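Number of protein chains: 2
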Amino acid sequence: MTERLLIIGGNAAGMSCASQVRRLRDAADLEIEVVEAGQWTSYSSCGIPYWVGGEVEDADALIARSPADFAAMDIGILLGSRAESIDLAAATVAVSPADRCSDGGDQTTTLTYDRLLIATGSVPLRPPVDGLDAVGVFGAQTIPDADAIRRALDNKPRRAVVLGGGYIGLEMAEALVNQGLSVTVVLADPFPMGSLDEDMGERVCAAMTAMGIDVRTCEPVRGIDVEAGLARAVVTDEGSYPADLVVLGLGVRPNSDLARDAGLRIGTTKGIEVDDTMHTPTHENVYAAGDCIQTRNRITGHPVAIALGTHANRQGRVAGTNIGGRPARFEGVLGTAVTKVGNCEIGRTGLSTMDAELAGYSIETTLLESTVKAGYYPEAGKLAVKLLTERQTQRILGGQIVGGPGSAKRIDVLATAIWAQLTAAEFAAVDISYAPPFSPVFDAVVLAARKAAGR
Amino acid sequence: MTERLLIIGGNAAGMSCASQVRRLRDAADLEIEVVEAGQWTSYSSCGIPYWVGGEVEDADALIARSPADFAAMDIGILLGSRAESIDLAAATVAVSPADRCSDGGDQTTTLTYDRLLIATGSVPLRPPVDGLDAVGVFGAQTIPDADAIRRALDNKPRRAVVLGGGYIGLEMAEALVNQGLSVTVVLADPFPMGSLDEDMGERVCAAMTAMGIDVRTCEPVRGIDVEAGLARAVVTDEGSYPADLVVLGLGVRPNSDLARDAGLRIGTTKGIEVDDTMHTPTHENVYAAGDCIQTRNRITGHPVAIALGTHANRQGRVAGTNIGGRPARFEGVLGTAVTKVGNCEIGRTGLSTMDAELAGYSIETTLLESTVKAGYYPEAGKLAVKLLTERQTQRILGGQIVGGPGSAKRIDVLATAIWAQLTAAEFAAVDISYAPPFSPVFDAVVLAARKAAGR
Numbered sequence: 001m002t003e004r005l006l007i008i009g010g011n012a013a014g015m016s017c018a019s020q021v022r023r024l025r026d027a028a029d030l031e032i033e034v035v036e037a038g039q040w041t042s043y044s045s046c047g048i049p050y051w052v053g054g055e056v057e058d059a060d061a062l063i064a065r066s067p068a069d070f071a072a073m074d075i076g077i078l079l080g081s082r083a084e085s086i087d088l089a090a091a092t093v094a095v096s097p098a099d100r101c102s103d104g105g106d107q108t109t110t111l112t113y114d115r116l117l118i119a120t121g122s123v124p125l126r127p128p129v130d131g132l133d134a135v136g137v138f139g140a141q142t143i144p145d146a147d148a149i150r151r152a153l154d155n156k157p158r159r160a161v162v163l164g165g166g167y168i169g170l171e172m173a174e175a176l177v178n179q180g181l182s183v184t185v186v187l188a189d190p191f192p193m194g195s196l197d198e199d200m201g202e203r204v205c206a207a208m209t210a211m212g213i214d215v216r217t218c219e220p221v222r223g224i225d226v227e228a229g230l231a232r233a234v235v236t237d238e239g240s241y242p243a244d245l246v247v248l249g250l251g252v253r254p255n256s257d258l259a260r261d262a263g264l265r266i267g268t269t270k271g272i273e274v275d276d277t278m279h280t281p282t283h284e285n286v287y288a289a290g291d292c293i294q295t296r297n298r299i300t301g302h303p304v305a306i307a308l309g310t311h312a313n314r315q316g317r318v319a320g321t322n323i324g325g326r327p328a329r330f331e332g333v334l335g336t337a338v339t340k341v342g343n344c345e346i347g348r349t350g351l352s353t354m355d356a357e358l359a360g361y362s363i364e365t366t367l368l369e370s371t372v373k374a375g376y377y378p379e380a381g382k383l384a385v386k387l388l389t390e391r392q393t394q395r396i397l398g399g400q401i402v403g404g405p406g407s408a409k410r411i412d413v414l415a416t417a418i419w420a421q422l423t424a425a426e427f428a429a430v431d432i433s434y435a436p437p438f439s440p441v442f443d444a445v446v447l448a449a450r451k452a453a454g455r
Numbered sequence: 456m457t458e459r460l461l462i463i464g465g466n467a468a469g470m471s472c473a474s475q476v477r478r479l480r481d482a483a484d485l486e487i488e489v490v491e492a493g494q495w496t497s498y499s500s501c502g503i504p505y506w507v508g509g510e511v512e513d514a515d516a517l518i519a520r521s522p523a524d525f526a527a528m529d530i531g532i533l534l535g536s537r538a539e540s541i542d543l544a545a546a547t548v549a550v551s552p553a554d555r556c557s558d559g560g561d562q563t564t565t566l567t568y569d570r571l572l573i574a575t576g577s578v579p580l581r582p583p584v585d586g587l588d589a590v591g592v593f594g595a596q597t598i599p600d601a602d603a604i605r606r607a608l609d610n611k612p613r614r615a616v617v618l619g620g621g622y623i624g625l626e627m628a629e630a631l632v633n634q635g636l637s638v639t640v641v642l643a644d645p646f647p648m649g650s651l652d653e654d655m656g657e658r659v660c661a662a663m664t665a666m667g668i669d670v671r672t673c674e675p676v677r678g679i680d681v682e683a684g685l686a687r688a689v690v691t692d693e694g695s696y697p698a699d700l701v702v703l704g705l706g707v708r709p710n711s712d713l714a715r716d717a718g719l720r721i722g723t724t725k726g727i728e729v730d731d732t733m734h735t736p737t738h739e740n741v742y743a744a745g746d747c748i749q750t751r752n753r754i755t756g757h758p759v760a761i762a763l764g765t766h767a768n769r770q771g772r773v774a775g776t777n778i779g780g781r782p783a784r785f786e787g788v789l790g791t792a793v794t795k796v797g798n799c800e801i802g803r804t805g806l807s808t809m810d811a812e813l814a815g816y817s818i819e820t821t822l823l824e825s826t827v828k829a830g831y832y833p834e835a836g837k838l839a840v841k842l843l844t845e846r847q848t849q850r851i852l853g854g855q856i857v858g859g860p861g862s863a864k865r866i867d868v869l870a871t872a873i874w875a876q877l878t879a880a881e882f883a884a885v886d887i888s889y890a891p892p893f894s895p896v897f898d899a900v901v902l903a904a905r906k907a908a909g910r
């Protein structure tokens, strides 16, 4: 008999799962149906700022695979359909149109499943202030969000305020600078990029300031000044920042309400609890993956909820492999990430100093400044590498990079070293490449490890 | 009593050793004297093509540390002094001026040592043909070589022929293209970059051709056509290639003659034999480091002689640490290297298919094509990644990358994975970074490993 897999959420985790399952089991063996509240599948949320900024001209470019592509793979998609509730005992999901007319009757339908994947993603954080629903206040996560900002840009706004200084805040700030706006970034933290250490975050702050962004740290937003339904300014304890448009770039939290309401276990991080095979601990036929789950930090083993497309794709694939009948495990995360704001690139992996202290590690930190290319080569920008090592073992626990063009992707070398549990001395001995257009004789990551090992 | 360290060769290995020793032992404890045949110390040989090409305007930029800098560290340098012979029994080195006048008497002086480091580097390979001494034929290794080419460029030459298609050949070809010349590269091998597999070398060949370089493969040079003492053309079995200037970019061999004549052991690779502490096996107070030695491949354990600045610097440092009284070992090489020709970047590490077959490994190869950035991001160039894995264990043995700007430095991630002895599946699970300006959701190196693991 044909088994039936229902997937709630048609983005990174959900569609990676669907694709992987289909590679392993055909439609006669397993039917796949995906319920997606929006009008798109598998689009690059990470590409949103680049569409806003104009690097990408057409939203279609952000869509990796369309519903038609999935249909050709025998993967059915219900677009514009919101999962309202899950009945775990009956193995059904109640679904209704995402945009119900107020005068519509009860259009809820009930879908059955043999196996269920919850891939509901994340919801943007909203500051606890009034005025967020005014005209001129925009989200920064979805295609409709970006479409709205692009249409607002047609009115030639001059000033933008971005709330939040994490990845999304920085990338939206860059996008709006690229569109010619005067940009203020308002954040509650003492420095942007809160997953970095303060000294590295301050380098990011300096780079943002140098590119003309007004960065307001330690200023939690207190309200949006609204006139005639239109946002006019962002208000903090320190001042009022006039804005023709306001962008909410405060990050996200796991979208786990549906799972919680169904009775599934939710972790301390607010993410859905799953094991390394993406199974929920209480229901063998229910899986979850992506931004909505709680996963584990590979170093500490502690639960974390980190919204990154790479993790979501990997987790979806692991779920899909298991549903497809082959063993697969998700091996945990280091939270490796890169981003950029103007010419300032940022990379991070593993534990920050705060992460390490919270987890009880005794650490040493090493800061090394060098150049991206040989010092004498044209456009040899500067970069700073920070390494965190465990005091007793010298094992590398974390790495951070802030620097000029070409610097940040070096973080992958550190991620690999941390993954393989190398000590600073072991990593310093690795035969890393060199040529003048690519690095000084010893790459900054090697010199940082050598310095750490030399203590 | 003050000990005396004599170093033959004042470049990467020699001066790294000197600097490291001085960090650990002061001048009252150990005297350091360096004998250098040329007029410079510690210059970047790898930077020579970029001086020729005009990216670097001044040769001084290539000099990391001058003799005056070393003098300030109590490191004495005899410039223009050639070591003629080593008397191991007497622990002396005979030295004479590098540019002796023909009517000069015997100006040989004898220097004593307690410890000796031989860091004589490499000598350029020369094809076995006539005409190499004609005006218009240039080396590509030293500051005088580059200075001569730059002066020749003042005469507005139109056509250049580069002999050799390895790193130096490619880099010199790029340099001469950048100087506006029409460039032909003549090589005996069937593809450029002989340390790559043929399919990857052919990609390099295609990129060179696309940038207007005439690449002549499988054409060993048979002679230089000389008229009135002036090189006019390079002759092969297939044709005659007119040249206003001819550049010898055929690579190098270990400069081990001095050591061999002294009675030190020379390996099968023609490099001086040393152990992992850089000691010669027969003389406890004699060390060797850099291009002149034989080292070992970390994967196979087999002896190799690879001329790379990174290795030379590391080996010099290891020798210096040991002479300085602390234990240090050189951990072997993967032959990790990067270079570029125009917009084509090239990286390689570990074993090539030929290396692996010669060493008796049963391997599988995986080729993966992707983009450097997210496909929709501007200037997302293509790249190809080739992985070599051991058939039984799936351990990664080698990696090769050929691609557009921003691609080649990914080779360091593979070098780290190989160093840590990760399998393809283990590496595919590593939490590698992603953002649209930096890579697709899954970096090409991860996808290549996933594909290799999925066999």
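Chains as they are written, first to last, in the working numbering: chain R, 1 to 455; chain B, 456 to 910. Quick reminder that beta carbons are idealized off the backbone N, C-alpha and C, glycines included. Quick caveat, the model's predicted, so the values are computed rather than measured.
Could you confirm whether any beta carbon from chain R is found closer than 7 Å to the beta carbon of residue i?
i, result
"I573/B", "no"
"A890/B", "yes"
"V701/B", "no"
"A601/B", "no"
"E786/B", "yes"
Any C-beta of chain B sitting closer than 7 Å to the C-beta of residue i?
i, result
"G342/R", "no"
"F438/R", "yes"
"L334/R", "yes"
"V441/R", "yes"
"E174/R", "no"
"C17/R", "no"
"W40/R", "no"
"C46/R", "yes"
"K409/R", "yes"
Just the Cα atoms here: how many angstroms apart are residue i and residue j?
i, j, result
"V137/R", "E629/B", "51 Å"
"L387/R", "V446/R", "10 Å"
"Y376/R", "K382/R", "12 Å"
"T280/R", "Q294/R", "11 Å"
"C472/B", "D237/R", "58 Å"
"P220/R", "S195/R", "18 Å"
"A457/R", "Y113/R", "Chain R is shown from 1 up to 455; residue 457/R falls before or after that span and cannot be answered."
Quick one, are the C-beta atoms of residue i and residue j less than 7 Å apart?
i, j, result
"G9/R", "A140/R", "no"
"A879/B", "V840/B", "no"
"I801/B", "V857/B", "yes"
"D699/B", "P612/B", "yes"
"L543/B", "I462/B", "no"
"G586/B", "I679/B", "yes"
"S577/B", "P709/B", "yes"
"S888/B", "V338/R", "yes"
"I727/B", "A743/B", "yes"
"V21/R", "S81/R", "no"
"M648/B", "V632/B", "no"
Please give me, in chain order, every unbroken run of the alpha helix (DSSP H) with length at least 4 that falls completely inside the segment 845 to 904 of chain B. 866 to 874, 879 to 883
Which complete beta strand (DSSP E) runs does the segment 562 to 608 of chain B hold, if anything under 3 residues is left out? 564 to 567, 570 to 573, 577 to 579
Under 8 Å: do the segment 809 to 819 of chain B and the segment 762 to 781 of chain B share three or more Cβ pairs, one atom per stretch? no
Runs of beta strand (DSSP E) lying entirely within the segment 811 to 836 of chain B, each at least 3 residues, in chain order: 818 to 826
Does the structure place the segment 535 to 555 of chain B close enough to the segment 433 to 442 of chain R that three or more beta carbon pairs sit under 8 Å? no
Identify every run of the beta strand (DSSP E) within the segment 25 to 108 of chain R, keeping only runs that are complete inside it and at least 3 residues long; order them along the chain. 30 to 35, 75 to 78, 81 to 87, 92 to 97
Is there contact between the segment 516 to 527 of chain B and the segment 496 to 508 of chain B, where contact requires at least three CB pairs shorter than 8 Å? yes
Count the CB pairs spanning the segment 405 to 416 of chain R and the segment 858 to 870 of chain B that are closer than 8 Å, and state whether there are at least three. yes
Determine contact between the segment 616 to 624 of chain B and the segment 638 to 649 of chain B, defined as no fewer than three beta-carbon pairs at a distance below 8 Å. yes
4 or more residues per run - each alpha helix (DSSP H) lying fully within the segment 151 to 194 of chain R: 167 to 178
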